Amino acid sequence: MRVSWLRRLAFAVVALGAWLAPSAARDQWRRQWRADLWHRCDALERAGLMNTRTGRALVGRAAGAVWHAGWLRLRGGGGPMFLHDLRHAARGLAGRPGFTAIAVVTLALGIGANSVIFSWIDATLLHPLPGIADARSLVALYGTERARNNISLSYPNYVDLRDATVPGVRSVAAFSAGALGVRTDDGTERVWGAVVSGNLFETLGVGAAIGRVFTPEDDRVPGGHPVVVLTHSAWQRRYGGRPDIVGTTLVLKDQTFTIIGVTPPGFHGPQALIGLDLFIPVAMLGTLMPADRLTARGSAWMSTLVRLAPGASMPEAQAGLDVVARQLATAYPDVNSNRGMRLFPLWRQPSGGTAQLLPVMAVLGGVVAVLLALVCANMAGLLLARASGRRRELAVRVSLGASRWQVVRLLVAETTLLAVTAGALAAVVTVWSGNLLYAFIPPLPIPIAIDAGLNLRVLLFSSAVSLAAGLLLGLLPGLQASRADLVAPLKDGAAMGGSARRGRLRQGLIVAQVALALVLLVSAGLFLRTLVVADRVDLGFSARQGLVGVIDLGSATLEPARGLATYRTVTAALAELPGVEAVAVGQRLPLTSLDSSDRTVQVEGYTPAPGEEMTTYYASIGPGYFDALRLPLVEGRDVSARDAADAPPVVIVNTTMARRFWPGRTAIGGRVKIGERWAEVIGIAHDAKYASLSEPATPFMYVPIDQAYRTSMRVFLRTSGDPEAIVAAVRQTLARVAPGVPLFDVQTLAQHIAFSFFLLEMAATLLAVFGATAALLAALGLYGVIAQSVAARTREIGVRMSLGATKADVARLVVSQGLGLAALGIVLGLAGAAGVTRLFESQLLGVSALDPGAFAATTVLLAATTLAACAAPAWRAARLDPVQALRVD
Amino acid sequence: MGTGTLSFGTVAVLHAVAAGYRFGFDVVDATGLTAGSVYPALDRLEDLGYLKSSWEHAATAQAEGRPARRYFQLTADGARALDEALRKHRTFQPVSLDAFGIRGPRPAGRRP
Numbered sequence: 013m014r015v016s017w018l019r020r021l022a023f024a025v026v027a028l029g030a031w032l033a034p035s036a037a038r039d040q041w042r043r044q045w046r047a048d049l050w051h052r053c054d055a056l057e058r059a060g061l062m063n064t065r066t067g068r069a070l071v072g073r074a075a076g077a078v079w080h081a082g083w084l085r086l087r088g089g090g091g092p093m094f095l096h097d098l099r100h101a102a103r104g105l106a107g108r109p110g111f112t113a114i115a116v117v118t119l120a121l122g123i124g125a126n127s128v129i130f131s132w133i134d135a136t137l138l139h140p141l142p143g144i145a146d147a148r149s150l151v152a153l154y155g156t157e158r159a160r161n162n163i164s165l166s167y168p169n170y171v172d173l174r175d176a177t178v179p180g181v182r183s184v185a186a187f188s189a190g191a192l193g194v195r196t197d198d199g200t201e202r203v204w205g206a207v208v209s210g211n212l213f214e215t216l217g218v219g220a221a222i223g224r225v226f227t228p229e230d231d232r233v234p235g236g237h238p239v240v241v242l243t244h245s246a247w248q249r250r251y252g253g254r255p256d257i258v259g260t261t262l263v264l265k266d267q268t269f270t271i272i273g274v275t276p277p278g279f280h281g282p283q284a285l286i287g288l289d290l291f292i293p294v295a296m297l298g299t300l301m302p303a304d305r306l307t308a309r310g311s312a313w314m315s316t317l318v319r320l321a322p323g324a325s326m327p328e329a330q331a332g333l334d335v336v337a338r339q340l341a342t343a344y345p346d347v348n349s350n351r352g353m354r355l356f357p358l359w360r361q362p363s364g365g366t367a368q369l370l371p372v373m374a375v376l377g378g379v380v381a382v383l384l385a386l387v388c389a390n391m392a393g394l395l396l397a398r399a400s401g402r403r404r405e406l407a408v409r410v411s412l413g414a415s416r417w418q419v420v421r422l423l424v425a426e427t428t429l430l431a432v433t434a435g436a437l438a439a440v441v442t443v444w445s446g447n448l449l450y451a452f453i454p455p456l457p458i459p460i461a462i463d464a465g466l467n468l469r470v471l472l473f474s475s476a477v478s479l480a481a482g483l484l485l486g487l488l489p490g491l492q493a494s495r496a497d498l499v500a501p502l503k504d505g506a507a508m509g510g511s512a513r514r515g516r517l518r519q520g521l522i523v524a525q526v527a528l529a530l531v532l533l534v535s536a537g538l539f540l541r542t543l544v545v546a547d548r549v550d551l552g553f554s555a556r557q558g559l560v561g562v563i564d565l566g567s568a569t570l571e572p573a574r575g576l577a578t579y580r581t582v583t584a585a586l587a588e589l590p591g592v593e594a595v596a597v598g599q600r601l602p603l604t605s606l607d608s609s610d611r612t613v614q615v616e617g618y619t620p621a622p623g624e625e626m627t628t629y630y631a632s633i634g635p636g637y638f639d640a641l642r643l644p645l646v647e648g649r650d651v652s653a654r655d656a657a658d659a660p661p662v663v664i665v666n667t668t669m670a671r672r673f674w675p676g677r678t679a680i681g682g683r684v685k686i687g688e689r690w691a692e693v694i695g696i697a698h699d700a701k702y703a704s705l706s707e708p709a710t711p712f713m714y715v716p717i718d719q720a721y722r723t724s725m726r727v728f729l730r731t732s733g734d735p736e737a738i739v740a741a742v743r744q745t746l747a748r749v750a751p752g753v754p755l756f757d758v759q760t761l762a763q764h765i766a767f768s769f770f771l772l773e774m775a776a777t778l779l780a781v782f783g784a785t786a787a788l789l790a791a792l793g794l795y796g797v798i799a800q801s802v803a804a805r806t807r808e809i810g811v812r813m814s815l816g817a818t819k820a821d822v823a824r825l826v827v828s829q830g831l832g833l834a835a836l837g838i839v840l841g842l843a844g845a846a847g848v849t850r851l852f853e854s855q856l857l858g859v860s861a862l863d864p865g866a867f868a869a870t871t872v873l874l875a876a877t878t879l880a881a882c883a884a885p886a887w888r889a890a891r892l893d894p895v896q897a898l899r900v901d
Numbered sequence: 090m091g092t093g094t095l096s097f098g099t100v101a102v103l104h105a106v107a108a109g110y111r112f113g114f115d116v117v118d119a120t121g122l123t124a125g126s127v128y129p130a131l132d133r134l135e136d137l138g139y140l141k142s143s144w145e146h147a148a149t150a151q152a153e154g155r156p157a158r159r160y161f162q163l164t165a166d167g168a169r170a171l172d173e174a175l176r177k178h179r180t181f182q183p184v185s186l187d188a189f190g191i192r193g194p195r196p197a198g199r200r201p
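Sequence order for the protein chains is R and E.
The first sequence maps to residues 13 to 901 in our numbering.
The second sequence maps to residues 90 to 201 in our numbering.
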């Protein structure tokens, strides 16, 4: 925020606080505070010390002014008076338990939905890395190219950046998370760990609960630091929290590591939303996989976090990083030219869990805000109706000398009490809702760590929402009631004086509720349509009757020839199993956002435009991969045993890559330079969805495993029957032909793709629930208005009936009044929805933001609901006995 | 009224005014307390008769183109109350930090 705005804000806070100060002391209070603020601003400006920090402190002081004013009021007797109001309000509400219960539950719905979604947003976006120090000065760094901003860093680039002095940057840490196998007495256990730079813990500001964490000294000599740090949860889970853990060892691949420390509880690692078990220095990478990644400047695989220098802003640090990026581009033009570096706040990272959650959470946040607005409109209608009934009581108060302010205060006390009670109820719901988020997440091989639920921030948020709702709800009807003609109601039996305006206000509130409900329903309809459409999205591969698991050969097979032989033995043995139609190994599973590797490529005969991005994702695959995934090869041949390590390098590209680099001709026979070697294109594979359902067509290439060896691969099986039925047989076979080779993360392909759908499903489910709630509330509100109107018009209806109106005429009269309001609401709601749904069109895979089906279906649904709401009062009106009705005064 | 009713923060405010910090903001700076506790404390101390507040001369302030400020002064009652309170509040006396390897002033002998 700009300084001048902060200064203005401070004075505005004082101006508002004056309202709270008791009138006797108000003038002195205001003069004192304004003068003190003025002199402080003057002194700061003269000293040249006026900046955002001192400006914020000024606003903090001004907040103290409000406190001071409140204190004066309490001391001056305003407090006891307000307490008196509260007691009075509590008695009044207790005397009408039905009204109170409906009001509290309705408000709790609105406030609770907001608290729950806020707690999710807080845990996933605002504080994605619990346990770190000063989260505000920690930001994420990504490599950029012309069209991409989510590129990881290569290790050599990271080291140059780490060792550079960059203004605004205190330190830069890097890590890469993934699955690892820990040797146990009975085999190998899967854990999630990260190789991390030695300065990671220092950068995050995370110390050790026991022992110590890494320092840069633990990350100097490649292969020279066999040490590991555990997270608190892994220590508890895997070691039962034994106190003598430091100094014991564990075996990863074949390397023995010494446990040197445990991080504090709550901290789950440097990767948002992922709960890790352990950390290893990057220098030890070579014991886990071929260590060429430590020296290959073109191989981007590390995530990077930047701790800003004290007081530095992100733009300052960004300017410094731009300089470093230019230096790197000049020094290593082959891989770094046209590459930049960009900082992102943690919640806006362009890749990883936060990137996927941000749009969904934004939609949900908007939805619950709309729901709260609707709840408030509904409550306002209820309170207006109640205020009509209380006009005589209020009029008596005024005639006995109560000021308008006192009447308003009484009503505000009542609504605040309602809202705070509702807020407390909402807090209970929020405590329980932390698990609700997990209920939406399908079983995953990745350990999800989201610490949602009630915490101080969520509590503050929901208190603020409750108080604001209470104040707003009390002020509006309060001001109206206190302004209305207060003498007329004293005359017994007088006609509803001033009720026309109130009636219009209530009708306006109904129209607003119907409109807001329709906006929510249309949004829900669009997401439901998207779910249906997404089921038909061309994934490129078939998930039916597929099984996938991870096999990890361990470092004993860092020697490629041995490992490749093992892969061949395993696939051959699994292919013999009854019910198995196809088997293959492959590095990568489509629709996986983790472990995506990319490489800068050159294509023979293709001159990139200046600045054109030439990195491509790739995966290492064994023969039969395309068959096992039912991912069609469009042209050419699959990789085979022929494509051995010493044979000429080959590559298979996808259709998007083929069209881009070999437009108008076949890609077969073309040559691509990957790393240092030229590979010949031998096949073209159908496009697939590689990371997410909504991604655009992405260039992708496949290299034979013999020429790009990995010690850990996924194994894919296509079965003729239920894939889960053969899991046991697969494990037995593996134990027989490759003893000691563990099989992890076994799941059906259908289970795997369920993950890609879960955010959509969550959004659709929650929106449907919120939309239905909204429609119900709007209908109840409409029912209330119509029923009251029927009661007020009883005599008129009696006259009409005695003049010959039929029951049908009367019913029509009532229904048409209700439908008129509903129709206006629907028209406004349609217009509103047309504007709002565009905001989340990117989340609707292939469904238009103005999808006629969704708009029409939800409109019909809401119209039917409102019709039902009018039916009961209409029926009651039609059954009125005209003689009785005429007697009603 | 005895100083038994003065909270630690209130004594800090009284002490700051006695030490020559006369305006609300200065007292906030001097005590490190929040404005929300300092201003009520100043009012309360004035009610108790330990402080008296006055407004700067309006004409002088206007001539200098600035708003007049409210400032506080210690009264004789206030001085007595402060003296008594400081004797009661023994928290801030020199302590030995030898155990932490910090060489500070030697602790003075305990007051009687």
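By construction, the Cβ of each residue, glycine as well, lies at the ideal position given by its N, Cα and C atoms.
In this text the structure is predicted, and so the values were computed from the model without any measurement.
Hey, does residue i have any beta-carbon neighbour from chain E nearer than 8 Å?
| i | result |
| --- | --- |
| Q44(R) | yes |
| W887(R) | no |
| H96(R) | no |
| G76(R) | yes |
| A47(R) | yes |
| A883(R) | no |
| D39(R) | no |
Against chain R, with Cβ distances strictly below 8 Å, would residue i count as a contact?
| i | result |
| --- | --- |
| S96(E) | no |
| V106(E) | no |
How many angstroms separate the CA atom of residue i from the CA atom of residue j?
| i | j | result |
| --- | --- | --- |
| T177(R) | T785(R) | 56 Å |
| L412(R) | R99(R) | 20 Å |
| A165(E) | R58(R) | 36 Å |
| R319(R) | P327(R) | 13 Å |
| M391(R) | P129(E) | 38 Å |
| W45(R) | A77(R) | 7 Å |
| Q744(R) | F187(R) | 36 Å |
| L306(R) | E157(R) | 22 Å |
| R17(R) | A74(R) | Note that residue 17(R) is Trp in the sequence shown, not Arg. Cα-Cα distance, rounded: 14 Å. |
| G561(R) | L586(R) | 12 Å |
Which residue from the options puts its Cα closest to that of residue i?
| i | options | result |
| --- | --- | --- |
| R812(R) | E773(R), D893(R) and L746(R) | D893(R) |
| L358(R) | A147(R), R469(R) and L429(R) | A147(R) |
| A897(R) | L840(R), L815(R) and L833(R) | L815(R) |
| F452(R) | Q339(R), W132(R) and S164(R) | W132(R) |
| C882(R) | V802(R), Y618(R) and I680(R) | V802(R) |
With a threshold of 16 other CB atoms inside 10 Å of the CB of residue i, please say whether the residue is buried or exposed.
| i | result |
| --- | --- |
| R654(R) | exposed |
| S415(R) | exposed |
| I563(R) | buried |
| W444(R) | exposed |
| P590(R) | exposed |
| G190(E) | exposed |
| Y5(R) | As displayed, chain R neither begins before 13 nor continues past 901, which places residue 5(R) out of reach and without an answer. |
| V26(R) | buried |
Residues of the segment 146-173 of chain E with a CB closer than 7 Å to any CB of chain R: list them in chain order, please.
R155, P156, A157, R158 and R159
Members of the segment 107-119 of chain E that neighbour chain R once the beta carbon cut-off is set at 8 Å:
F112, G113, F114 and V117
Mind listing which residues of the segment 59-70 of chain R have their C-beta closer than 7 Å to chain E's C-betas, in chain order?
none
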